[in-house]
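Start counting the sequence shown at 24; every next residue gets the next number (the numbering used here).
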Amino acid sequence: MRRARQRGRGVEFDEVRAYAAGDDVRAIDWRVTARSGTPHTKLFHEDREQPILVAVDLRATMKFGSTHSFKSVMAAHVGALALWSGLQAGERIGGAVLGDHTLHDTRPKRSQHAVLNMIGDLVAEGAPNPGINSMQQTLGSLLEQLERIARPGTRIFLISDFHDLFEADHLAPLRRLARKTQIVAVAVSDPLEAELPHAGFYAVTDGATHSQLDTSLDGAREAYAEDYQMQRANLIQRLRELRIPLLSIQTHQEPLKQLLAVFPSR
24 MRRARQRGRG VEFDEVRAYA AGDDVRAIDW RVTARSGTPH TKLFHEDREQ
74 PILVAVDLRA TMKFGSTHSF KSVMAAHVGA LALWSGLQAG ERIGGAVLGD
124 HTLHDTRPKR SQHAVLNMIG DLVAEGAPNP GINSMQQTLG SLLEQLERIA
174 RPGTRIFLIS DFHDLFEADH LAPLRRLARK TQIVAVAVSD PLEAELPHAG
224 FYAVTDGATH SQLDTSLDGA REAYAEDYQM QRANLIQRLR ELRIPLLSIQ
274 THQEPLKQLL AVFPSR
């Protein structure tokens, strides 16, 4: 909808969108509400803040690490830093934490209590749970929830290993989000995902089962590394097409240095 000046308010009208909790009821567009059957509200230029949503994926694939820490620990570090940095900058802060079977979301607020609640969700979902191995929640679930709570212009930090981004067309909600928000993708990875260790037998576990990994098979290490590079190149290309910047976080590097590189001004 085209922008226009609204008499009596002295502000610039931006758009009409579905009513969200916390919106000013005085801004409800009754014509659109009657026509659509669901409440809609008007947004004005003075209402166009830039809240921050921090979305952290803490499903089973994130609870992996071969050296310094789990991917989930690094993701939680980045998420917590983004939350506190945004709050200190005076922005409204919210987001979502994705677990194997749960999805916690927090609507944007200028509230230390809201930040602490989200950090509590990070701690709860980041804890290893060897009794549960199946993942019911998907990255698509997280992206669709972000669609529901993100206003146009919102900054989103999307923190994940993105292992299932290309499954079941999860790109569709990401594409829609990218049209109306400013997304920064933070990809967390472990060196063992990029390259197998030298030839030999290695004990591996998912917390519930144990096995042996044989890296001495002919061509195994080369094929493994090539497959990772192809997946990585695909992720970079898809995000570039959506104009989403990609930041890489490694589990084997010093966390503080990486976090300062991601948020140099904080």
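Quick reminder that beta carbons are idealized off the backbone N, C-alpha and C, glycines included. Model, not experiment: these values are computed from the prediction.
The continuous alpha helix (DSSP H) containing glycine 149 extends over residues 135 to 149. Under the 8 Å Cβ criterion, the region 198 to 209 counts as touching the region 250 to 266, having at least three qualifying pairs.
In this structure, the CA atom of aspartate 128 is about 12 Å from the CA atom of glutamate 170.
Sequence-distant Cβ neighbours of alanine 217 in its own chain, meaning closer than 6 Å and more than five residues away, are Tyr251. Annotation for aspartate 47: no beta strand (DSSP E) segment contains it, and DSSP assigns it neither H nor E.
In the structure shown, threonine 64 falls within a strand segment according to DSSP collapsed to helix, strand and coil.
Only residues of its own chain outside the window of five on either side were considered, and among them Leu106, Trp107, Leu110, Ile116 have a CB closer than 7 Å to the CB of valine 138, listed in chain order.
Taken atom to atom, the span from the alpha-carbon of aspartate 187 to that of leucine 162 is near 7 Å.
Under the Cβ criterion (8 Å, minimum of three pairs), the region 73 to 82 counts as touching the region 130 to 149.
Restricting attention to Pro196, Gly45, Ala41, the CA atom closest to the CA of threonine 56 is found in Ala41.
Alanine 78: member of the beta strand (DSSP E) spanning 75 to 80, first to last residue.
Per DSSP, the unbroken alpha helix (DSSP H) holding histidine 100 starts and ends at 94 to 111.
Under the DSSP assignment, proline 196 falls in the alpha helix (DSSP H) whose first and last residues are 194 to 203. Pairing arginine 82 with glutamine 160 gives a Cβ-Cβ distance under 8 Å. The beta strand (DSSP E) runs of length 3 or more contained entirely in the region 229 to 270 are, from start to end of the chain, 233 to 237. A Cβ-Cβ distance of about 14 Å is found for the pair leucine 215 and alanine 243, leaving them out of contact under the 8 Å criterion.
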